[in-house]
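Numbering-wise (our numbering), the sequence shown opens with residue 365 and increments by one.
Read the structure below first, then the notes.
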Amino acid sequence: EFLIKKIISLKKSNKKRWLVNFLENLFHISSKIKEKVNPNLEIILNGGGKLSPDVASELCNLLNIKYCQGYGLTETGGAIFGEHVEDLNFECIGGPICPNTKYKVRSWETYKATDTLPKGELLIKSDSIFRGYFLEKEYTKNAFTNDGYFKTGDVVQINKNGTLTFLDRSKGLVKLSQGEYIETDLLNNLYSQISFINNCVVYGDDSMDGPLAIISVDKYLLFLSLKDDNMLEMTGVNEQNYLDKLTDDNINNNIFLDYVKEKMLEVYKETNLNRYNIINNIYLTSKVWDTNNYITPTFKVKRFYVFKDYAFFISQVKEIYNNKLKGCAPISVNSENKDEEKKNDSKKKEEKDSEKLSNESTSNQNKNDMGKHEKYVENKKVKLGATYGTRQKEMNK
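In structure tokens, the structure reads:
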């Protein structure tokens, strides 16, 4: 195993080729592995979803084969762009395959067609492009620009040599590692219906088996929701200190995260979406989103900047998926905060015990009332809060 990793490492670095060739001729590692997979394998063609550059590189080095990928849609008659077999850029999707194919990009969100390497939504005009959607004139009209270019809905970069590099999906469609598609814009709007969620930005890619979300919450509305569901005692937040307590540092503990995910699950259950749309990993922020950071003047979210600033969380979640694939023990996204949470829980317990002792001098009637109240609160905790309809009735009363 050590020898295999060493040879792969040397091949990746393109250094000491003589040593790589010597070890290969001596141990025939690539040949032995290739014999197990397919002795006639010479090249891998990839389509349908971008393969991780690291995985593609390891496959080529391990099996001593070539790799290239292409790009196409049903509307383009299949593959319309393809990478040259000698191109060693594992992120490139190549140039046009079909003759008389014209292509360009138009600016989209933070991607600019005027950059040195133009970036934006890919527009294509070719003889292989479809004529339109059957009996759907409106859809057909919206699928093309005024000058006849088909709107692919995919964001690419045009490289200096004319090849393309896939960057993003402007239509909000994301393909997960299982091949399932999710519509991030739909999920953003769906989960933003929750009263205390200002903005929900869902992220996913083909290296993940489920989406994650970065959520901007309204402090006050979250406090009211916690209060309605009798969850304040568990969080350690009260009416006097909630503005100070609800910061990004302590809002991402298991109590708050589980509460928000429970609310999101309630919303999900009212839809007909498949299970791949369930979000298990979320990051909460109480910071204000406005035109100075993540919101455009037309009130759209600048996803690119959100993903950039919260890249640390995305990396943590991806690491969990990678460890799962490797068969490693699962690591909690918030594991680094567990020790701190234990300390806080211990401190809260000490405060409760102290408060209990100080109240021993109160009257028996007060004790009985407090006991009834605590029992009521505990029963409410078990239920994890009322449904939206029940809460609405209580508010009306």
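By construction, the Cβ of each residue, glycine as well, lies at the ideal position given by its N, Cα and C atoms.
As the structure is a prediction and not an experimental result, all values here were calculated from the model.
Just how far apart, CA to CA, sit Asp-654 and Ile-558? If I take the Cα positions, the gap works out to 19 Å.
N-terminal and C-terminal residue of the beta strand (DSSP E) that Ser-580 is part of: Segment 576-581, the beta strand (DSSP E) holding Ser-580.
For the alpha helix (DSSP H) containing Glu-502, list its first residue and its last residue. Start and end: 501-506.
Residue interval of the beta strand (DSSP E) (run including Pro-417): Per DSSP, Pro-417 is not a residue of any beta strand (DSSP E); the alpha helix (DSSP H) it occupies stretches across 417-427.
Integer-rounded CB distance, given that Tyr-431 should sit under 8 Å from Leu-423: That pair is a contact at about 6 Å.
Give me, in chain order, the residues of the same chain whose beta-carbon lies closer than 7 Å to that of Val-631; leave out the 5 immediate sequence neighbours on both sides. Within the same chain, Val-631 has close Cβ partners Leu-554, Tyr-555, Gln-557, Ile-558.
Using 8 Å as the cut-off, can you tell me whether the stretch 581-589 makes contact with the stretch 669-684, which would need three or more C-beta pairs spanning the two stretches below that distance? Note that the stretch 581-589 does not touch the stretch 669-684; fewer than 3 beta-carbon pairs, one per stretch, sit closer than 8 Å.
Measure how close the beta-carbons of Thr-646 and Leu-576 come, nearest whole angstrom, since I'm counting them as under 8 Å. The sequence as given places Ile at residue 646; Thr does not occur at that position. About 7 Å; that satisfies the 8 Å criterion.
Need the endpoints of the beta strand (DSSP E) that Asn-645 sits in, please. From DSSP, the beta strand (DSSP E) with Asn-645 extends over 645-649.
So, for Thr-438: in the same chain, excluding its five sequence neighbours on each side, which residues have a beta-carbon less than 8 Å away from its beta-carbon? Hits under 8 Å: Phe-494.
Let's test the definition: count the other Cβ atoms within 10 Å of the Cβ of Asp-532 and tell me whether it reaches 16, buried, or not, exposed. Result: buried.
In the stretch 454-516, which residue ranges form an unbroken beta strand (DSSP E) of at least 3 residues, counting only runs that do not cross its ends? Counting only runs of 3 or more, we get 456-460, 466-470, 483-489.
Three-pair Cβ contact test at 8 Å for the stretch 592-599 versus the stretch 661-679: The stretch 592-599 vs the stretch 661-679: no contact.
Between the C-alpha atoms of Asn-425 and Val-419, what's the straight-line distance to the nearest angstrom? If I take the Cα positions, the gap works out to 10 Å.
With H, G and I counted as helix, E and B as strand and the rest as coil, what does DSSP make of Glu-547? When secondary structure is reduced to three states using DSSP, Glu-547 falls in the strand class.
Would you please state the rounded distance, in angstroms, between the beta carbons of Gly-458 and Leu-528? I believe it to be under 8 Å. Yes, Gly-458 and Leu-528 are in contact; Cβ-Cβ is about 7 Å, under 8 Å.
Below 7 Å CB to CB, which residues in the same chain sit around Ser-571 once its five sequence neighbours on both sides are set aside? Hits under 7 Å: Ser-416, Ser-541, Lys-682, Tyr-685.
Thinking just about the alpha-carbon of each residue, which of Ile-642, Gly-412, Gly-574 is nearest to the one in Lys-625? Per the Cα distances, Ile-642.
Output needed for Asp-569: all residues of its chain with C-beta closer than 7 Å, excluding positions within five of it in sequence on either side, in chain order. Cβ-Cβ distances below 7 Å link Asp-569 to Val-538 in the same chain, with the five nearest sequence neighbours on each side left out; the list follows chain order.
Compute the Euclidean distance between the alpha carbons of Lys-731 and Gly-600, then round it to the nearest angstrom. Here Lys-731 scores only 42 on pLDDT, less than 50, and its place in the model is too uncertain to base an answer on.
Helix, strand or coil, according to DSSP, for Leu-818 in the structure here? No statement about residue 818 is possible, as the shown extent of the chain runs from 365 to 761 and does not include it.
Below 8 Å on the Cβ atoms is my guess for Gly-496 versus Thr-504; work out the distance and round it to an integer in Å. Yes, Gly-496 and Thr-504 are in contact; Cβ-Cβ is about 3 Å, under 8 Å.
With a cut-off of 8 Å on the beta carbons, I'd call Leu-596 and Asn-605 a contact; round off their distance for me. Distance from Leu-596 to Asn-605 at the Cβ level is roughly 11 Å; contact not present, criterion being Cβ atoms closer than 8 Å.
Comparing C-alpha positions only, which one of Phe-560, Phe-530, Val-565, Glu-447 sits nearest to Glu-547? Out of Phe-560, Phe-530, Val-565, Glu-447, Val-565 has the C-alpha closest to the C-alpha of Glu-547.
Thinking Thr-474 and Phe-668 are a contact (beta carbons under 8 Å), I'd like their distance in whole angstroms, please. Here Thr-474 really is in contact with Phe-668; their C-beta atoms are around 4 Å apart, less than 8 Å.
Close Cβ partners of Leu-629 (< 8 Å) along its chain, the five nearest in sequence each way excluded: Within the same chain, Leu-629 has close Cβ partners Ile-642.
Can you grab the Cα-Cα spacing for the pair Val-652 / Asn-687, in whole Å? Val-652 and Asn-687: Cα-Cα distance of roughly 34 Å.
Which whole-angstrom value describes the C-beta separation of Ile-429 and Glu-406, a residue pair presumed to lie in contact below a C-beta threshold of 8 Å? Indeed they touch by this definition, with Cβ atoms about 6 Å apart.
Start and end residues, alpha helix (DSSP H) containing Phe-671: Element bounds for Phe-671: 667-673.
Based on the DSSP secondary-structure assignment, which residues constitute the bridge partners of Val-520? Residue pairing for Val-520: DSSP places it in a beta bridge opposite Gly-484, Phe-530.
Would you kindly work out how many angstroms separate the C-alpha atoms of Ile-579 and Tyr-545, rounded to a whole number? Distance between the alpha carbons of Ile-579 and Tyr-545: 21 Å.
According to the Cβ coordinates, are Trp-472 and Val-519 closer than 7 Å? Trp-472 is a Cβ neighbour of Val-519, given a cutoff of 7 Å.
Within the continuous beta strand (DSSP E) that includes Tyr-567, where are the two ends? Where Tyr-567 is concerned, the enclosing beta strand (DSSP E) starts and stops at 561-567.
Quick one: give me the first and last residue of the beta strand (DSSP E) that Lys-539 is part of. Residues 537-539.
Quick check on DSSP: helix, strand or coil for Tyr-431? Under the three-state reduction of DSSP, Tyr-431 is assigned to strand.
How big is the Cα-Cα spacing for Thr-516 and Pro-460? The alpha-carbon atoms of Thr-516 and Pro-460 are separated by roughly 14 Å.
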